[in-house]
């Protein structure tokens, strides 16, 4: 992966820090002017950075506002933050809404810190220059917000604290309450000696105390807790307590020890030179971005997506190669065992022939396909229960001209009555029998009784009377609950005239179909 490049934008300077071998290299300064931009073009052409570019902004023209907003999530929160940011910073495209957390007294509201660069001209010039050089701008980061992220999670021991970061002639002051930034101030100072910086810090803290008291954030006589992130001689001087004042408690933090504690790889060369520290800490924050617009970081996102696709292609290629190798080894192992398996199969065949005799006997003994098919066929037919057969047989013995042609037994609700009656050959269909009240209870036995009247002389009315008598005899039995006629012999007057005489009439002309319902064994 290509090494990133860090650019620090201040009011007067732009400093470039190339990241090399886990740390920042020597910084190169460029004036924040047209001449400085020309010098940066030459520097870019000589080094041609291939990695991401991070632009850290630490300017006086950075304004902030704390607002209380409704608690939203997802796209609704983004739209709300963007709308409020545009109304607060109408004359700049560089603004950012940072959610500080829920309010203690109202869980449905949250505190949001809005930051914006009120003078964006200089930043726009440098962005145009980076676009001309096709730089992969990963983000534009606010140094005060980066300080808040650094201190609120790792370094603060008091709820109210003033954080001071001296850096290359600038003194960044951030007042935090419960880890939330309320006030930010940037001051420029002259002189690089540690004692001069210490005296300047005393004066700036006194001014900040008065300003915080005017905002009613602290009391006038309250002792302020001040944390100073520094290194080298300035840290030693503040730790010794020399020239200390009683209006505030100073807590000097060794930047080198903090970097080691956070796992930040960097090298601090000067007492007022903390920019390499923030470069390493920014890499720990996983691509932070506060002010960069979509068009500013389009090239960076495109290249990252291309890198991700290449990585996925490589992963799929390695997966395919690995799968093919496993299958090849498995096939080779199986191929190696083929002779042994063949010998075992031959031995088993010989033993089978010795036990069963001839090949035909063995095949007949082990062939179960026919048996399975026979069992499956028998399972599809239900056996008519014996009580039903005995009941119907009692009536059949009393009616010698009634012949049983078929008996279909089933369990469950009775079948629906046919909508139309049976039709005689060459004639019209008879009317459907009237519906009867057929019980539908659990534990009943239903049967379709298909019968014939023999002999049949062709007199349909007489045939119907005999069948009705048969039905009445069935209904008289105690085990029979209901008997209904599904079809009766066809009336000759409604069909074609018989031509062969009474004895030549077909037996099918006297067919009938009855539905018989019996009391089951499980019924009460």
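In our numbering, the protein residues as written are 368 to 891. The beta-carbon is built from N, C-alpha and C at its ideal position, and this holds for glycine as well.
Rounded Cβ spacing between residue i and residue j (contact assumed at less than 8 Å)
i	j	result
residue 330	residue 379	Outside the shown range of the chain, which is 368 to 891, sits residue 330, and nothing can be said about it.
residue 893	residue 554	Any answer about residue 893 is impossible in this case: the structure gives the chain only from 368 up to 891.
residue 857	residue 881	No, residue 857 and residue 881 are not in contact; Cβ-Cβ is about 16 Å, not under 8 Å.
residue 840	residue 762	5 Å
residue 447	residue 483	With a Cβ gap of about 16 Å, residue 447 and residue 483 do not count as contacting.
residue 601	residue 573	Wrong, their Cβ atoms sit about 19 Å apart, outside the cutoff.
residue 477	residue 438	5 Å
Euclidean distance between Cα positions of residue i and residue j
i	j	result
residue 830	residue 847	23 Å
residue 383	residue 417	14 Å
residue 479	residue 645	24 Å
residue 647	residue 513	12 Å
residue 632	residue 626	7 Å
residue 409	residue 531	35 Å
residue 693	residue 684	14 Å
residue 543	residue 575	13 Å
residue 445	residue 659	15 Å
residue 727	residue 716	Note on residue 727: pLDDT 47, under 50, position unreliable in the model; the coordinate value appears next. Near 13 Å, if we compare the C-alpha coordinates of residue 716 and residue 727.
residue 515	residue 391	22 Å
residue 442	residue 469	18 Å
residue 805	residue 885	Its pLDDT being 49, under 50, residue 805 is placed unreliably in this model, and the value from its coordinates should be taken loosely. Taking the straight line joining both Cα atoms gives about 11 Å.
residue 802	residue 824	For residue 802, the predicted model reports a pLDDT of 44, less than 50, meaning its position is unreliable; a value from the coordinates is still stated below. So the alpha carbons of these two residues sit roughly 29 Å apart.
residue 611	residue 564	13 Å
residue 424	residue 651	18 Å
residue 428	residue 488	11 Å
residue 534	residue 467	26 Å
residue 435	residue 649	28 Å
residue 677	residue 702	37 Å
residue 548	residue 430	12 Å
residue 546	residue 521	10 Å
Beta bridge counterpart(s) of residue i as assigned by DSSP
i	result
residue 341	The structure shown does not extend to residue 341, since the chain spans only 368 to 891, so no value can be given for it.
residue 680	Partner(s): none; residue 680 has no beta bridge.
residue 619	595
residue 856	In the DSSP output, where bridge partners are listed per residue, residue 856 has none listed.
residue 387	390
residue 419	503
residue 775	815
residue 527	544
residue 882	815 and 851
residue 443	Partner(s): none; residue 443 has no beta bridge.
residue 382	375 and 396
DSSP three-state assignment for residue i, whether helix, strand or coil
i	result
residue 449	helix
residue 813	strand
residue 609	coil
residue 475	coil
residue 535	coil
residue 643	helix
residue 850	strand
residue 515	helix
residue 376	strand
residue 614	coil
residue 553	strand
residue 844	coil
Ordered list of beta strand (DSSP E) runs contained in the stretch 653-704, each at least 3 residues: Those beta strand (DSSP E) runs which fall completely within the stretch 653-704 and span 3+ residues do not exist here.
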